[in-house]
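Student:
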Amino acid sequence: MEGETGYRAYLLRLWRPSRQAGCAWRASLQPPLAEGRIGFADLAELVAYLRAEMQRADAESLSAAPAAPGEEGEP
-7 MEGETGYRAY LLRLWRPSRQ AGCAWRASLQ PPLAEGRIGF ADLAELVAYL RAEMQRADAE
53 SLSAAPAAPG EEGEP
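See the structure below:
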């Protein structure tokens, strides 16, 4: 779904390897139609990845958007 601007879809899996107190949750993301998964040791890594993906998507959409009249590159 990465070809669609402003939209991402993933299968999210969350689990705890142990029921002991203080044991961090693990996570994985799998994009649709993809064979592989992206694994995360804790939820902070998952959130950091998602933030980076959103920032990358924003940067791509800004660079692909045509310049409005009066912006750089326009007479």
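With the working numbering, the residue at position 40 of the sequence shown is 32, and numbering never jumps. Don't be surprised by glycine CBs; every beta carbon is placed ideally from N, CA and C. These numbers come from a predicted model, not from an experiment.
State buried or exposed for E1, treating a residue as buried only when at least 16 other CB atoms are found within 10 Å of its CB.
Tutor: Checking the displayed sequence, the identity of residue 1 turns out to be Ala instead of Glu. Classification for A1: exposed.
Student: Which same chain residues, not among the five before or five after E45, have their C-beta less than 7 Å away from its C-beta?
Tutor: Cβ neighbours of E45 beyond the five flanking positions: R0.
Student: Could you name the residues of the same chain whose beta carbon sits closer than 7 Å to that of Q22, not counting the 5 residues immediately before and after it, in chain order?
Tutor: Same-chain partners within the cutoff: Y2, L3, R29.
Student: So L54 is in the alpha helix (DSSP H); what residue range does that whole segment cover?
Tutor: That run of the alpha helix (DSSP H) goes 35 to 56.
Student: When you compare only the Cα positions, how much space is there between E52 and G(-2)?
Tutor: When rounded, the distance between both Cα atoms is 10 Å.
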